[in-house]
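S.K.: If you use the numbering used here, the sequence shown corresponds to residues 30 to 184, in order. Ideal Cβ positions, reconstructed from N, Cα and C, are used throughout, including at glycine. Small disclaimer: the values here were computed from a predicted structure and weren't measured.
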Amino acid sequence: MRFFKAIAYFFKMVFSKDFFNLVADAAAGKYCRPSLILSILQREGRFIDFLMEDISSFPDAQVGAVARTVHKGCKKGLFEYISVEPLAKEKENDKLTLAKGFDPSRFRLSGNVKGEPPFTGVLTHHGWRLSSVNFPVITAVQDDAVVSPAEVEVE
30 MRFFKAIAYF FKMVFSKDFF NLVADAAAGK YCRPSLILSI LQREGRFIDF LMEDISSFPD
90 AQVGAVARTV HKGCKKGLFE YISVEPLAKE KENDKLTLAK GFDPSRFRLS GNVKGEPPFT
150 GVLTHHGWRL SSVNFPVITA VQDDAVVSPA EVEVE
């Protein structure tokens, strides 16, 4: 079964430039498994530990102190591999008109949305887009369900 799928993918790469580029990007580490992203956030900022903790009984000052540490670690880990830039070039609170044919994946409409474009409104958030992605290429076979290994300190 794998052999036939490999042959099919080979011909698809030969005849489809888009498919070839997807495979090349994946091989270069431009895409990754979601578990890798969570693993980075956990390793650098203990993100999952923070989310799994019941913080309702802790004072706000203590939660704030921990949140700063988690924020700093997660930011360091994630931005080691990606860069982001604002999606909309306009500034927040600027007036914006979206013409017919605008890309709905780039703009989320809210408020009094009726009829057909053009829509005029105020930009409340500029959005984000990835400007570069360079995740490490993992060659070893790993269990994708493991986000963070159990830690054992040997005596």
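Looking at the secondary structure, which residues open and close the beta strand (DSSP E) in which K104 lies?
M.R.: Not the beta strand (DSSP E): K104 falls in the alpha helix (DSSP H), residues 89-108.
S.K.: If you follow the alpha helix (DSSP H) that S68 is part of, which residue opens it and which one closes it?
M.R.: 63-74
S.K.: If the criterion is Cβ atoms closer than 8 Å, does the pair L107 and L70 meet it?
M.R.: Between L107 and L70, the gap from beta carbon to beta carbon is short of 8 Å.
S.K.: Taking the beta carbon of S68 as the centre, do at least 16 other beta carbons fall within 10 Å, making it buried, or is it exposed?
M.R.: buried
S.K.: Can L152 and E121 be called in contact, C-beta distance under 8 Å?
M.R.: yes
S.K.: Mind reading off the beta-carbon distance from L116 to R135? Whole number of angstroms is fine, and I expect it under 8 Å.
M.R.: 6 Å
S.K.: Give every residue of the same chain whose Cβ lies closer than 6 Å to the Cβ of I84, excluding the five residues on either side of it in the sequence, and list them in chain order.
M.R.: If we look at I84 and ignore the five residues flanking it on each side, its Cβ neighbours are V92.
S.K.: Taking its Cβ as the centre, do 16 or more other Cβ atoms sit within 10 Å of G102, making it buried, or is it exposed?
M.R.: buried
S.K.: Report yes if the C-beta distance between K129 and E145 is below 8 Å; otherwise report no.
M.R.: Going by C-beta atoms, K129 is nearer than 8 Å to E145.
S.K.: Spatial neighbours of R62 within its chain, please: CB distance less than 6 Å, with the 5 preceding and 5 following residues excluded, ordered by chain position.
M.R.: Apart from the 5 residues on each side of it in sequence, R62 sits with its Cβ closer than 6 Å to the Cβ of D173 in its chain, given in chain order.
S.K.: Report, in whole angstroms, the separation of the C-beta atoms of T8 and T98, which I expect to be a contact under 8 Å.
M.R.: Since the displayed the chain opens at 30 and closes at 184, residue 8 lies outside it and no answer follows.
S.K.: On a Cα-Cα basis, can you pick out the residue from R72, K41, E114 that is closest to S161?
M.R.: E114
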